[in-house]
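Novice:
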Amino acid sequence: MLTPISKMLIGGIRGFSVMAAKRGLIFRQMFEPVSCTYTYLLADADTKEAILIDPVMETANRDAKLVKELGLNMTYAANTHCHADHITGTGVLKKLLPGCKSVISKDSGAMADIHIQQGDLIKFGKYSLEARATPGHTDGCLTYVLNDKSMAFTGDALLIRGCGRTDFQQGCPKTLYKSVHSQIFTLPDSCHLYPAHDYTGQMVTTVEEEKRLNPRLTKSEAEFAKIMNNLNLPRPKQIDIAVPANLKCGIQDD
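For the record, in the sequence shown the residue sitting at position 64 is 64 according to the UniProt record's numbering, with numbers rising by one throughout.
1. Measure the beta-carbon distance from serine 150 to histidine 192 and round it to whole angstroms, keeping in mind my assumption that it falls under 8 Å.
2. Nearest to glutamate 209 by CA position, among Glu223, Phe27, Ile184, Cys249, is which residue?
3. Mapping the DSSP letters down to three states, classify alanine 245 as helix, strand or coil.
4. Would the beta-carbon of histidine 81 fall within 8 Å of that of serine 35?
5. Just to confirm before moving on: does the CB-CB distance between leucine 142 and glycine 155 stay below 8 Å?
6. I think glycine 125 touches glutamate 69, with their Cβ atoms under 8 Å apart; what is that distance to the nearest whole Å?
7. Which residues in the same chain have their Cβ closer than 7 Å to the Cβ of alanine 196, if we skip the five residues on either side of it in sequence?
8. Identify every run of the beta strand (DSSP E) within the region 47-131, keeping only runs that are complete inside it and at least 3 residues long; order them along the chain.
9. Provide the residue span of the alpha helix (DSSP H) that contains threonine 175, from first to last.
10. DSSP on residue 264, reduced to helix/strand/coil?
11. Compare the Cα-Cα distances from threonine 59 to each of Val67, Ala77, Gly89, Leu41 and report the closest residue.
12. Since phenylalanine 224 is in the alpha helix (DSSP H), which residue starts that stretch and which ends it?
13. Could you check which residue in Asn232, Ala131, Thr205, His181 has the C-alpha nearest to that of leucine 217?
14. Please report the straight-line C-alpha distance between valine 67 and alanine 222, rounded to a whole angstrom.
15. Please return the same chain residues whose Cβ sits closer than 6 Å to the Cβ of histidine 115, not counting the five positions on each side in sequence.
16. When DSSP labels each residue in this structure, what does isoleucine 239 get in the three-state scheme?
17. Identify which residue in Ser102, Gly119, Pro215 has its Cα closest to the Cα of methionine 111.
18. Identify the residues that DSSP records as bridge partners of tyrosine 144: which are they?
19. Return the first residue and the last residue of the beta strand (DSSP E) that proline 195 is part of.
20. Could you tell me the distance, in whole angstroms, from the CA atom of proline 244 to the CA atom of glutamine 169?
21. If you measure between the beta carbons of residue 263 and alanine 78, is that distance less than 8 Å?
22. According to DSSP, isoleucine 26 sits in a beta bridge with which residue or residues?
23. Please state whether the Cβ-Cβ distance between alanine 152 and leucine 187 is less than 8 Å.
24. With distances taken from CA atoms, which of Val207, Ile104, Asn246, Asn229 is nearest aspartate 167?
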């Protein structure tokens with residue numbers, strides 16, 4: 001049974017999707033329950049060019065089916081970073097959707113068809129996503145910002161009322177703090193933020209909300225570092241499988 005908060009969140013997502021559709025942007029938010037990962041589909045309704053952000057291997061067939069049902073041309077499958085909690089779906093999608101190219105930060109250390117960095121644009125039809133370097137969770141973390149700055153896809157750098165951990169994969173609390181404050185919190189307050197994960201059933205937040213309500217990132221840099229250095233979280237269950245596989249991001253042996 002949906003709680004009032006869940007109903008409000010779902011209503012908000014639907015409302016935003018309707019607004020996006022009115023300006024010719026197709027937008028879908030999809031969920032993978034084991035790793036609690038969100039995958040995002042964006043497309044130009046006129047040209048049918050599309051991009052997927054943070055696909056998961058186990059749901060690649062679902063994503064490819066939706067792309068085909070909507071009559072889209074999947075040009076890119078992009079990761080926000082080299083994930084430790086699931087295997088990316090880019091390799092499978094490249095086989096299911098010929099012409100699709102994998103994308104990741106050049107600082108990730110991962111293989112891909114296209115490596116990007118701060119300020120690069122991924123274009124699909126009349127739209128584009130700007131890559132903003134937001135390291136701290138990993139060296140290769142990127143936040144993807146829609147060209148009108150109405151939406152940003154923050155990966156693990158910024159979660160809803162939280163952030164990615166910093167205790168492995170080149171993690172650094174001070175680097176993450178500076179990344180979020182300089183690259184995400186400088187976006188318009190109304191910008192909708194979509195994370196790579198959520199573990200509480202929430203789906204979207206805004207810059208204004210996180211600047212005001214994030215229990216970690218509203219603290220000073222020193223306080224934030226102390227919090228992050230004392231989380232004592234368990235080791236990700238899939239890290240030993242996921243990281244080696246994701247270092248071959250989208251490049252599969254035939």
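The beta carbon of each residue, even a glycine, is placed where N, CA and C say it ideally should be.
Specialist: Per the coordinate set shown:
1. Residue 150 sits at position 150 when you count from the first residue of the sequence shown. Residue 192 sits at position 192 when you count from the first residue of the sequence shown. Right, their Cβ atoms sit about 6 Å apart.
2. If you number the sequence shown from 1, residue 209 lands on position 209. For glutamate 209, the nearest C-alpha among the options comes from Ile184.
3. Position 245 of the sequence shown, counting from 1, holds the residue named residue 245. Correct three-state label for alanine 245: helix.
4. To locate residue 81, count along the sequence shown from 1; it is residue 81. To locate residue 35, count along the sequence shown from 1; it is residue 35. Not a contact, by the Cβ cut-off of 8 Å.
5. Against the sequence shown, residue 142 aligns to sequence position 142. Against the sequence shown, residue 155 aligns to sequence position 155. A contact, by the Cβ cut-off of 8 Å.
6. Residue numbering aside, residue 125 sits at position 125 when the sequence shown is read from its first letter. Residue numbering aside, residue 69 sits at position 69 when the sequence shown is read from its first letter. So it is not a contact: roughly 18 Å between Cβ atoms.
7. Along the sequence shown, one-based indexing puts residue 196 at 196. Cβ within range, chain order: Thr37, Tyr38, Asp54, Thr80, Gly155, Asp156.
8. DSSP runs (the beta strand (DSSP E)) wholly in the region 47-131: 49-53, 73-78, 101-105, 114-116, 121-124.
9. If you number the sequence shown from 1, residue 175 lands on position 175. It spans 173-179 - the alpha helix (DSSP H) in which threonine 175 sits, taken as one unbroken run.
10. The structure shown does not extend to residue 264, since the chain is modelled only from 1 to 254, so the question has no answer here.
11. Residue numbering aside, residue 59 sits at position 59 when the sequence shown is read from its first letter. Threonine 59 has its Cα closest to that of Gly89, out of Val67, Ala77, Gly89, Leu41.
12. The count along the sequence shown starts at 1 and reaches residue 224 at position 224. In this chain, the alpha helix (DSSP H) harbouring phenylalanine 224 covers 221-228.
13. Numbered from 1 along the sequence shown, position 217 holds the residue referred to as residue 217. Ranking Asn232, Ala131, Thr205, His181 by Cα distance to leucine 217 puts His181 first.
14. The residue you call residue 67 lines up with position 67 of the sequence shown. The residue you call residue 222 lines up with position 222 of the sequence shown. If I take the Cα positions, the gap works out to 45 Å.
15. Translated into positions along the sequence shown, residue 115 becomes position 115. Result list for histidine 115: Lys106, in chain order.
16. Sequence index remark: in the sequence shown, residue 239 carries index 239 (1-based). If DSSP states are grouped into helix, strand and coil, isoleucine 239 belongs with the helices.
17. As a position in the sequence shown, residue 111 is number 111, starting the count at 1. Answer by Cα proximity: Ser102.
18. Here residue 144 refers to the residue found at position 144 of the sequence shown. DSSP output for tyrosine 144 lists Ala131, Phe153 as bridge partner(s).
19. The residue given as residue 195 occupies position 195 in the sequence shown. Element bounds for proline 195: 192-195.
20. Stepping through the sequence shown from its first residue, residue 244 is reached at position 244. Stepping through the sequence shown from its first residue, residue 169 is reached at position 169. Taking the Cα positions, proline 244 is about 12 Å away from glutamine 169.
21. In this structure the chain extends from 1 to 254, so residue 263 is not present and cannot be described.
22. Here residue 26 corresponds to residue number 26 of the sequence shown, with the count starting at 1. The partner list for isoleucine 26 (beta bridge, DSSP) reads Ala43.
23. For the purposes of this step, residue 152 is taken as the residue at position 152 of the sequence shown. For the purposes of this step, residue 187 is taken as the residue at position 187 of the sequence shown. If you check the CB distance, alanine 152 and leucine 187 come in under 8 Å.
24. Walking along the sequence shown from the start, residue 167 turns up at place 167. It is Asn229 whose Cα lies nearest to the Cα of aspartate 167.
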